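Just below is one structure, and these are the notes that go with it.
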Amino acid sequence: MRWVALMPLRGGSKAIPHKNIRRLAGRPLFAWSLEQALLSECFDELFVASDSEKIRRCVTAEFGDRVTVMDRSPDNCTDQASTESVMLEFRERVPADVLCVIQATSPLTRDADFRMAKEKFLSEQLDSLLTAAEFRRFLWSRAGLALNYDPANRPRRQEFDGALVENGAFYFTRDAILKQHRNRLGGRIGIHVMDPETLVEVDNAEDWAVVEQLLRRRDWPAQWLARKRLRAFVVDVDGTLTDGGMYYAANGEAMKKFDTRDAHGLARLREHGIRVCVISRENSPAVAARMIKLGIGDYFPGVLDKRAFLQEKFESWGMKFNEIAYMGDDLPDLDCMADAGVSFSPGDAVPEILAAADYVSSRMGGAGAVREVADLIVASQLHAGVADHD
């Protein structure tokens with residue numbers, strides 16, 4: 017049986033411009049649930065269909081050949097177009113026994129949700145499946161009628177079963193059902209129940225703020241980084257460890273502003289066995305003095321070709337580029353970020369860097385961005401240690 021997953025992504029979004037590729041908690045919106053679908057190992061192939069060349073490039077940059085990107089008919093990208101119209105167009109192009117449609121607006125979906133839903137689908141011999149979450153609230157119609165309980169016998173909250181609300185995270189549909197009913201649901205229908213928090217879909221700015229906080233509370237970044245097995249952290253200076261500003265004393269000496277939180281973050285990395293390397297195109301006495309104070313011996317100023325310099329340095333250390341994390345904010349950092357095992361940027365980096373970074377800090381350069389990233393890497397080391405122990 018061939019299982020195929022499809023994520024439809026439109027280029028137009030009125031409530032939140034460029035919503036599908038806008039960064040949510042450090043990653044493009046679409047990447048959250050798509051990554052979990054890949055991790056679930058439930059599907060023979062995963063596709064993204066979009067009318068936007070920018071979205072297609074972004075998906076390819078994020079997932080490479082792990083996800084197949086294809087065009088989407090303009091007729092199926094209007095405000096009136098249904099998800100079914102995309103599914104029907106897709107089935108004419110890609111054969112599948114079961115099609116899973118994944119919604120990018122449900123970034124709280126976990127890999128376990130796909131696995132449990134597939135197990136339910138197969139064990140119960142279902143024809144289609146939807147996802148839902150429990151809703152333990154009393155519902156009323158606008159006409160003043162109770163819809164899901166008897167007001168004369170009002171149950172206590174802990175005794176109230178409530179209802180299941182469709183959350184739209186993903187759907188499973190057998191091809192025969194889609195062909196016959198031209199609908200994602202039909203035949204024997206099952207429901208996979210997800211966490212209550214997954215009722216929140218990203219449709220407006222308020223949803224965005226709520227979901228971003230929920231994602232940042234999860235340990236996703238630590239799990240993701242733990243798989244990288246990082247050995248070193250390389251960070252740029254101007255615009256990353258500093259705010260990029262140049263301050264001059266009366267004698268003409270240039271000064272830099274550093275954040276003490278970043279210094280503590282670098283110290284934590286070293287305490288957990290991560291080698292810290294600081295690199296810069298500039299040769300600043302102020303930065304050199306700061307590195308001495310922090311006890312960072314791997315400080316390399318005046319490096320114009322960072323990629324070539326680091327390649328030689330890593331070879332002498334017995335490391336590979338994909339074993340290091342790199343954090344930068346401007347165009348000279350692009351080559352290093354492309355080859356690094358994982359790349360980071362402060363929140364105010366130039367657009368090209370923001371697009372290339374695997375994770376964008378919620379903080380600005382010189383204002384705790386490095387500390388945020390350092391804490392994530394340390395958490396990943398602890399997570400990896402627990403996994404190895406288990």
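Reminder that position 345 of the sequence shown reads as 361 in the numbering used here, one-by-one numbering, no gaps. Glycine included, each C-beta is placed from N, C-alpha and C at the ideal position. On a predicted model such as this, the values are computed, not experimentally measured, just so you know.
- request: Determine the closest residue to isoleucine 312 out of Ser122, Val227, Asn299, Val294, with distance taken between C-alpha atoms.
  value: Working through the sequence shown from its first residue, we reach residue 312 at position 296. With distances taken between Cα atoms, isoleucine 312 lies closest to Val294.
query: Are arginine 245 and glycine 357 close, meaning C-beta to C-beta below 9 angstroms?
result: What you label residue 245 is simply residue 229 of the sequence shown in a count that begins at 1. What you label residue 357 is simply residue 341 of the sequence shown in a count that begins at 1. Result yes, Cβ atoms of arginine 245 and glycine 357 sit closer than 9 angstroms.
Cα-Cα separation between methionine 343 and aspartate 211, rounded to whole angstroms: Position 327 of the sequence shown holds residue 343. Position 195 of the sequence shown holds residue 211. As the crow flies, the alpha-carbon of methionine 343 is around 34 angstroms from that of aspartate 211.
task: Jot down the residue ranges of each uninterrupted alpha helix (DSSP H) in the region 215–272, minimum 4 residues, whole runs only, in chain order.
output: Those alpha helix (DSSP H) runs which fall completely within the region 215–272 and span 4+ residues are 221–233, 236–242.
query: Taking C-alpha atoms, which residue in Thr189, Lys322, Gly381, Glu331 lies nearest to phenylalanine 274?
result: As a first step, residue 274 must be located in the sequence shown, where it is residue number 258. Cα-wise, what sits closest to phenylalanine 274 is Gly381.
message: Can you tell me whether isoleucine 340 is helix, strand or coil according to DSSP?
response: Indexing the sequence shown from 1 puts residue 340 at position 324. Here isoleucine 340 sits in strand by DSSP.
message: Suppose the cutoff is 7 angstroms on Cβ atoms and the five residues either side in sequence are ignored; what does the same chain contact list for serine 56 look like?
response: Here residue 56 is taken as the residue at index 40 of the sequence shown, counted from 1. In the same chain as serine 56, and ignoring 5 residues on each side of it, the C-beta atoms closer than 7 angstroms to its own belong to Asp127, Phe130, Arg131, in chain order.
query: By how many angstroms is the C-alpha of arginine 107 removed from the C-alpha of glutamate 388?
result: Start at 1 with the first residue of the sequence shown, and residue 388 comes out as number 372. Start at 1 with the first residue of the sequence shown, and residue 107 comes out as number 91. Rounded to whole angstroms, the gap between the alpha carbons of glutamate 388 and arginine 107 is 44 angstroms.
- prompt: How big is the Cα-Cα spacing for arginine 39 and asparagine 267?
  reply: In the sequence shown, the residue the question calls residue 39 occupies position 23. In the sequence shown, the residue the question calls residue 267 occupies position 251. Arginine 39 and asparagine 267 have their C-alpha atoms some 43 angstroms from each other.
field: Rounded straight-line distance, which links the Cα of leucine 282 to that of glycine 289
entry: Counted from its first residue, the sequence shown places residue 289 at position 273. Counted from its first residue, the sequence shown places residue 282 at position 266. The alpha-carbon atoms of glycine 289 and leucine 282 are separated by roughly 11 angstroms.
- request: Have a look at aspartate 87 and alanine 270 and give me their C-alpha separation to the nearest angstrom.
  value: Position 71 of the sequence shown, counted from the start, is the residue given in the question as residue 87. Position 254 of the sequence shown, counted from the start, is the residue given in the question as residue 270. C-alpha separation (whole angstroms): 52 angstroms.
- prompt: In this structure, does DSSP put valine 394 in helix, strand or coil?
  reply: For the purposes of this step, residue 394 is identified with residue 378 of the sequence shown, where counting begins at 1. In the structure shown, valine 394 adopts helical secondary structure according to DSSP, grouped into three states.
- request: May I have the straight-line CA-CA distance separating arginine 73 from valine 366, to the nearest angstrom?
  value: Here residue 73 refers to the residue found at position 57 when the sequence shown is read from its first residue. Here residue 366 refers to the residue found at position 350 when the sequence shown is read from its first residue. If I take the Cα positions, the gap works out to 18 angstroms.
- request: Just the C-alpha distance for tyrosine 165 and isoleucine 207, rounded to the nearest angstrom, thanks.
  value: Within the sequence shown, the letter at position 149 stands for residue 165. Within the sequence shown, the letter at position 191 stands for residue 207. Cα to Cα, tyrosine 165 sits roughly 22 angstroms from isoleucine 207.
query: Would proline 123 be called buried (16 or more neighbouring beta carbons within 10 Å of its own) or exposed?
result: If you number the sequence shown from 1, residue 123 lands on position 107. When all chains shown are included, proline 123 counts as buried.
- prompt: Three or more beta-carbon pairs under 8 angstroms between the region 168–175 and the region 62–76, yes or no?
  reply: Contact between the region 168–175 and the region 62–76 is absent, because fewer than three Cβ pairs lie under 8 angstroms.
query: In its own chain, which residues sit with a C-beta less than 8 angstroms from the C-beta of phenylalanine 137, not counting the 5 before and 5 after it?
result: As a first step, residue 137 is located in the sequence shown; it is residue number 121 there, counting from the start. Taking phenylalanine 137 as the centre and dropping the five residues before and after it, the same chain places the C-beta of Val114, Leu145, Phe188, Gly206 closer than 8 angstroms to its C-beta, in chain order.
field: For leucine 62, the residue or residues it bridges with in DSSP
entry: Taking the sequence shown and counting its residues from 1, one reaches residue 62 at position 46. DSSP links leucine 62 through a beta bridge to Ala21.
query: Enumerated in chain order, which unbroken segments of the alpha helix (DSSP H) with a length of 4 residues or greater are wholly contained in the region 155–203?
result: Entirely contained in the region 155–203, the alpha helix (DSSP H) runs reaching 4 residues are, in chain order, 191–197.
Pair within 9 angstroms by beta-carbon distance, leucine 45 and valine 218: Locating residue 45 in the sequence shown gives position 29, counting from the first residue. Locating residue 218 in the sequence shown gives position 202, counting from the first residue. Their beta carbons are under 9 angstroms apart, which means leucine 45 touches valine 218 by this criterion.
field: Assigned secondary structure, aspartate 404 (DSSP; H/G/I helix, E/B strand, else coil)
entry: Within the sequence shown, the letter at position 388 stands for residue 404. Residue placement at aspartate 404 is flagged as unreliable, the pLDDT there being 46, under the threshold of 50; a coordinate-derived value is accordingly withheld.
message: Quick check on serine 144: does DSSP put it in helix, strand or coil?
response: The count along the sequence shown starts at 1 and reaches residue 144 at position 128. Collapsing the DSSP output to three states places serine 144 in a strand.
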